[in-house]
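Visitor: Take the sequence shown: its letters are residues 43 to 324, numbered as in the numbering used here. Ideal placement from N, C-alpha and C gives every residue a C-beta, glycine not left out.
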Amino acid sequence: MELDDESTELRRRRWARDRELRAPRSPQHLSTADFLTLGNAVCGFLAIYSITTGILMPHLTNESAAPVKHSAATAVTLLLIGSMCDLFDGLVARKLRSSALGAELDNLADLISFGIAPAYFVAVWGLVSPGTNQQLSAFIALTVLLAVVLRLARFSAVKMRPGIFQGMPCPMGAMTVLAIVLLDPPFVPGLLMIFGVAYLMVSRIEYPKPQGLLATATLAWIVVSIGCLASWAAGLPGGDTLMHIGAVAQIALAAMAPLLVIRRKVGEKVGVVRARRAENRG
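1) In this structure, does DSSP put residue 141 in helix, strand or coil?
2) Opposite residue 250 in the DSSP bridges: which residues?
3) Quick one: residues in its chain with C-beta nearer than 7 Å to the C-beta of residue 173, no 5 flanking neighbours on either side, listed in chain order?
4) For the putative contact between residue 262 and residue 185, defined by C-beta atoms under 8 Å, what is the C-beta separation to the nearest angstrom?
5) Taking only runs of the alpha helix (DSSP H) that begin and end inside the segment 196 to 241, which ones reach a length of at least 4 residues, in chain order?
6) Is it the case that the segment 76 to 90 contacts the segment 108 to 128, given that we only count it when at least three CB pairs across the two stretches are under 8 Å?
7) Report yes or no: do the segment 193 to 206 and the segment 134 to 153 share at least 3 C-beta pairs separated by less than 8 Å?
8) Who are the near neighbours of residue 282 in its chain, counting only those whose CB is closer than 7 Å to its CB and skipping five residues on each side?
9) Taking the Cβ atom as the reference point for each residue, do residue 152 and residue 85 lie within a distance shorter than 8 Å?
10) Contact check, residue 279 vs residue 220 under 8 Å by CB: the rounded distance?
11) Are at least three pairs of beta-carbons, each pair with one atom in the segment 246 to 253 and one in the segment 162 to 173, less than 8 Å apart?
12) How long is the line joining the alpha carbons of residue 237 and residue 194, rounded to whole angstroms?
13) Using a threshold of 8 Å, state whether the C-beta atoms of residue 260 and residue 129 are closer than that.
14) Residues in the same chain with beta-carbon distance under 6 Å from residue 224, minus the five sequence neighbours each way, listed in chain order, please.
15) Identify the continuous alpha helix (DSSP H) that holds residue 269 and give its terminal residues.
16) Mind checking which residues open and close the alpha helix (DSSP H) that includes residue 325?
17) So, with DSSP's three-state summary, where would you put residue 103?
18) Give me the Cα-Cα distance between residue 97 and residue 210, rounded to the nearest whole angstrom.
19) Taking the C-alpha atoms as reference points, what is the distance between residue 269 and residue 164?
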């Protein structure tokens, strides 16, 4: 009887300790996940700094354009690292203790890295690329920023079922916008593609959250993308080809996701219609 009481007491203490460890910390304390989120914000700021000092300023001062490729690759790599931080901060928060600031910090960091930074990238592209229109590129950049703002606000206000995002996730949208700019397509088609990405971010199309195998695949894709950018920036043989393949693959993935979701929903509706017809015939 005493052993049973001791065992029950030990379980009670263990449960109490687990609840304490998983309970949100006060706003005065930052958790491990919060530091990852802050790392995401830092990456976003450094990406903007790299674009400014390596691309915009040389263009405005008529200096050599040699650093452009390296600075663009650095900026995109920083945002990819920010995506890794964004991927892991939620996982860490679920495994370890989170803080009361976690959700707010995450939205603010995402706004910097996946809203302001890619929009700035588009605006600078319109400034430095020949045959572009500065006002039009600035307008499309603004649509990217507003799409991310609306997307993040809706994420906080609207409760979705577990494992589902409504609208293209901001990191995927930002990486797709950057991929389009890196490919440097004809100006108007490029802007239309970027506008399409902004629309997908505020759409109601459901995207799966990167969990389990999908999270592993996402992490692997980020690492491969960084490798392609490094080869391109270093001028290695085949680096340009690797960068173009990676950018095209990113755009294809972004376009394929909503098509697969729409196809699944159409299949479900067709199945329901067929089932009703079968019932009526019976």
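Guide: Reading off the structure:
1) Reduced to three states, the DSSP call for residue 141 is strand.
2) Note: residue 250 sits in a beta bridge opposite 206.
3) So the list reads 229, once near-sequence residues are dropped.
4) Contact check for residue 262 and residue 185: beta-carbon distance about 31 Å, past the 8 Å limit, so the pair fails to qualify.
5) List check, alpha helix (DSSP H) in window: 212 to 225.
6) Enough Cβ pairs lie closer than 8 Å, so yes.
7) Yes: at least three Cβ pairs fall under 8 Å.
8) Excluding sequence positions up to five before and after residue 282, its CB lies within less than 7 Å of the CB of 274, all in the same chain and listed in chain order.
9) Not in contact: residue 152 and residue 85 (Cβ atoms no closer than 8 Å).
10) Not really, about 24 Å apart at Cβ, beyond 8 Å.
11) With the cut-off at 8 Å, the segment 246 to 253 and the segment 162 to 173 do not touch.
12) Cα to Cα, the separation comes out at about 18 Å.
13) Yes, Cβ-Cβ distance for residue 260 and residue 129 is below 8 Å.
14) Result list for residue 224: 289, in chain order.
15) Per DSSP, the unbroken alpha helix (DSSP H) holding residue 269 starts and ends at 255 to 276.
16) Residue 325 is absent from the model: the chain starts at 43 and stops at 324.
17) DSSP places residue 103 in coil when its eight states are reduced to three.
18) Their backbone Cα atoms lie some 28 Å apart in a straight line.
19) Cα to Cα, residue 269 sits roughly 23 Å from residue 164.
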